[in-house]
Amino acid sequence: MSLFDWFANRRKAEPISKERQEREIADGLWSKCSECSVLTYTKDLRANQMVCLDCGHHLRIYSDERVRQLIDPGTWKLLDEALQPVDALKFRDRKSYSDRLREMQDRTGLSDAVQTGLGQLEGLPLGLGVMDFRFMGGSMGSVVGEKLTRLIERSTRERLPVVIVCASGGARMQEGMLSLMQMAKISGALERHRESRLLYVPVLTHPTTGGVTASFAMLGDVILAEPKVTIGFAGRRVVEQTLREKLPDEFQTSEYLLAHGFVDAIVPRTQLKRTLAQLIRLHQPYPPSHFVHVPDSLSRHAMNPDYVSETNSAS
Amino acid sequence: MATSERRPLLLDFEKPLVELDARIAQIRELAEENEVDVSDQIQQLETRAMQLRQEIFSSLTPSQRLQVARHPRRPSTLDYIQAITDEWIELHGDRSTGIDDLALVGGIARLDGRPVVMFGHQKGRDTKDNVSRNFGMASPGGYRKAMRLMDHANRFGMPILTFIDTPGAHPGMEAERLGQGEAIAYNLREMFRLDVPIVCTVIGEGGSGGALGIGVGDRLLMFEHSVYTVASPEACAAILWKDAGKAPQAAEALKITATDLKGLGILDQILPEPIGGAHSDPLETAATLKTAFLDNLDQLSRLTPQQRRELRYQKFRNIGVFAEISA
Ligand SMILES: [Zn+2]
């Protein structure tokens, strides 16, 4: 039976025994939607980019799966894989940060909470960073900051658009102020990318909060979000404590940010690749034959008429 | 300035000092009543008090420093501005959100003859003032006001001096609705673009993104007992230790003191405070700050705008600790 036939017949099928269900969930053959609890054949779910076929809920996916969904097969080139986190503060809460890092790396097979690389999306070359929530809640420390900064710098040199898929609880406390400063570092790299008139599109996925929201997540030329994800600066519980009352359900969701003008569009995951390709094409020079390459060092002078007068007044 | 005759509020680790001061006063009184000369003994005790004060303040733990940094009498942004400038005109509003955020104040001043733009978080001087200042926790309107002032400075070639003193950006519903994250993020990026010199100083408490939102500059200065932290030790303890009572341990682990941050390459200069902390002698502290401003502006104004921007970029570019293992 083809997957399509199976899906079409699914509702008619005999209910599966509970034991068998549980065994097959454990085997990964079936997946249970965390929203509507409906069981779906995992292959079907993956074919639909891990969006529930019943209720449209976007199940959490991780960096490898995201890269697979966005990047054309055979075009992905990982960057800076050799970067490893270091316990610079010798931080210890109930557990030492070094132990935490080792455990996380063993459990996830990742070196830290982001992977970056160059690849093609519908044939369009771009720089892509994908945060991974599995690794300490996608928190941003020195490695996340350095990898994203290098990605943006390289994309600026090669005149590539940048897409960053955000999923993070914010700055990584175990690296103290080093983490906070990554917000500035990445924003600085984005300023140069922007000055070179290149496109940057953050994609906000669940959750995008804290220091990531207060830096690169909100600095896109165009900002996209997946449906119904949590996006905010302060944590919901902290805001509730300040307010001393319960917040409405829609507070700090993609839909809330769209309504208040901080997100340009909510894009279902199944449309994401197409939408990104459309945006990148719309920002390519037109007409293509008339495009003259302007070196980075000159673009500011050439394209910003205010530049000369500003310089004079400042010196 | 906050140099009133009011006795400064006491911190718990200052108790031995108070006891000693009380004893000196008592002896003085008794001597006067009985008309005996005890000036030698008093001098001895006063020397001892001075030594003790020095010992205590030179070996403060991070959480004790946090108390000094949050001291209600610690000089605030407006205190410093009034003390060090020749002229000052406060400007209001960000021209967009429709509220003037009193937790972040700023304007144009003349510093030693030179027009500058100054702004910073403003904590209240008393409870009522603190409520209107929202305890120095700025909202998006505050960060956008800062940005508007920075654009102004850049247009007119005025150096920018920022004063950092906040527990953090305001975590409120209205602040979220108005885009707290966006307001801070925007400043972070735009501060790299500005041509004019920028000197940022942590005068008290540097709380997380709310501090960094006016903290991207050519120089970062910090007073000796100021702190700068990625998350408040209280919040960090609650999250990582699952026990807010572990805040002193968190303060230690987070490396929030000026010395720690200098070691991590984040801080450029530590400004000494009078023994007893900035609040024990606000005028002397202000004089230290003014000298540091003039020195740094002097150095920075010798560079071209392009050089400043490049050095500012490299300064932040180089922050971070990681390993790179070649495969
Ligand atoms: Zn579902």
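Heads up: the protein sequence lines correspond to chains A and B, in order. Residues in the first sequence are numbered from 1 upward in steps of one, following my numbering. Residues in the second sequence are numbered from 1001 upward in steps of one, following my numbering. We put the CB at the ideal spot given by N, CA and C, even for glycine.
Local conformation of residue i per DSSP, three classes
i	result
residue 76/A	coil
residue 1282/B	helix
residue 1188/B	helix
residue 82/A	coil
residue 1239/B	helix
residue 1109/B	strand
residue 1158/B	coil
residue 1222/B	strand
residue 1163/B	strand
residue 140/A	strand
residue 1063/B	helix
residue 92/A	strand
residue 206/A	strand
residue 1245/B	helix
residue 1122/B	coil
residue 58/A	strand
residue 239/A	helix
residue 1258/B	helix
residue 173/A	helix
residue 156/A	helix
residue 192/A	helix
residue 1114/B	strand
residue 246/A	coil
residue 131/A	strand
residue 1315/B	helix
Any C-beta of chain B under 8 Å from that of residue i
i	result
residue 185/A	yes
residue 179/A	yes
residue 302/A	Residue placement at residue 302/A is flagged as unreliable, the pLDDT there being 45, under the threshold of 50; a coordinate-derived value is accordingly withheld.
residue 253/A	no
residue 84/A	yes
residue 146/A	yes
residue 199/A	no
residue 28/A	no
residue 311/A	Confidence in residue 311/A is poor, its pLDDT being 39 and thus under 50, which makes the residue's placement unreliable; the coordinate value appears in the next sentence. With 8 Å as the cut-off, residue 311/A counts as an interface residue toward chain B.
residue 17/A	no
Any C-beta of chain A under 8 Å from that of residue i
i	result
residue 1167/B	no
residue 1003/B	Confidence at residue 1003/B is low in this model, with a pLDDT of 42, below 50, so its placement is unreliable and no value can be given for it.
residue 1160/B	no
residue 1269/B	no
residue 1266/B	yes
residue 1062/B	no
residue 1323/B	yes
residue 1182/B	yes
residue 1185/B	yes
Residue burial classification, residue i (beta-carbon count within 10 angstroms, cutoff 16)
i	result
residue 18/A	exposed
residue 1247/B	buried
residue 308/A	With a pLDDT of 39 at residue 308/A, under the threshold of 50, the predicted position of this residue should be treated as unreliable, though the coordinate-derived value follows. The residue in question, residue 308/A, is exposed, as its Cβ has fewer than 16 Cβ neighbours within 10 Å.
residue 260/A	exposed
residue 269/A	buried
residue 1018/B	exposed
residue 282/A	exposed
residue 97/A	buried
residue 315/A	Residue confidence is low: residue 315/A scores 35 on pLDDT, short of 50, so the model does not pin down where it sits. No coordinate-derived value is stated.
residue 288/A	exposed
residue 1092/B	exposed
residue 335/A	A query on residue 335/A cannot be resolved here, the shown segment of chain A reaching from 1 to 315 and no further.
residue 213/A	buried
Closer than 7 Å at the beta carbon, the chain B residues around residue i
i	result
residue 191/A	1189, 1192, 1193
residue 242/A	1171, 1172
Neighbouring residues, chain A, relative to residue i (Cβ below 9 Å)
i	result
residue 1241/B	93, 94
residue 1236/B	93, 173
residue 1228/B	177, 180
residue 1326/B	82
Proximity test, residue i beta-carbon vs ligand 2 heavy atom, cut-off 7 Å
i	result
residue 229/A	Summarising the ligand content, the structure contains ligand 1 and does not contain ligand 2.
Under 8 Å from the C-beta of residue i: neighbouring residues of chain A
i	result
residue 1255/B	89, 176, 177
Partner residues on chain A for residue i, Cβ-Cβ distance less than 7 Å
i	result
residue 1177/B	260
Partners in chain B for residue i, counting only beta-carbon separations shorter than 8 Å
i	result
residue 31/A	Result: empty, since nearest Cβ-Cβ is about 30 Å, beyond 8 Å.
Under 9 Å from the C-beta of residue i: neighbouring residues of chain B
i	result
residue 265/A	Here the premise fails: no neighbours, minimum Cβ distance about 16 Å.
**OP:** Closer than 8 Å, Cβ to Cβ, to anything on chain B: give me those residues from the region 213 to 227 of chain A, in chain order.
**Re:** If the cut-off is 8 Å between Cβ atoms, the region 213 to 227 of chain A has 213, 214, 215, 216, 217, 218, 219 near chain B.
Original post:
Going along the region 93 to 117 of chain A in order, which residues come within less than 7 Å of chain B, judged by CB to CB distance?
Top reply: 93, 94: these are the residues of the region 93 to 117 of chain A whose beta carbon lies less than 7 Å from some beta carbon of chain B, given in chain order.
Subject >> Residues of the region 149 to 177 of chain A with Cβ closer than 9 Å to any Cβ of chain B, in chain order >> reply: Residues of the region 149 to 177 of chain A with a C-beta atom less than 9 Å from some C-beta of chain B are 149, 153, 170, 171, 172, 173, 174, 175, 176, 177, listed in chain order.
Original post:
Residues in the region 1300 to 1319 of chain B with C-beta within 7 Å of chain A's C-beta atoms, listed in sequence order?
Top reply: Correct list: 1304, 1305, 1313, 1316, 1317, 1319.
**OP:** Output, in sequence order along the chain, the residues in the region 1203 to 1222 of chain B whose CB is closer than 7 Å to any CB in chain A.
**Re:** Across the region 1203 to 1222 of chain B, CB contacts with chain A closer than 7 Å involve 1208, 1209, 1212, 1216, in sequence order along the chain.
Subject >> Interface residues of the region 1101 to 1113 of chain B facing chain A [CB-CB below 7 Å] >> reply: Those would be none; no residue qualifies.
Subject >> Interface positions of the region 31 to 59 of chain A facing chain B (Cβ-Cβ less than 9 Å), listed along the chain >> reply: Listed by position, the residues of the region 31 to 59 of chain A near chain B (Cβ gap below 9 Å) amount to none.
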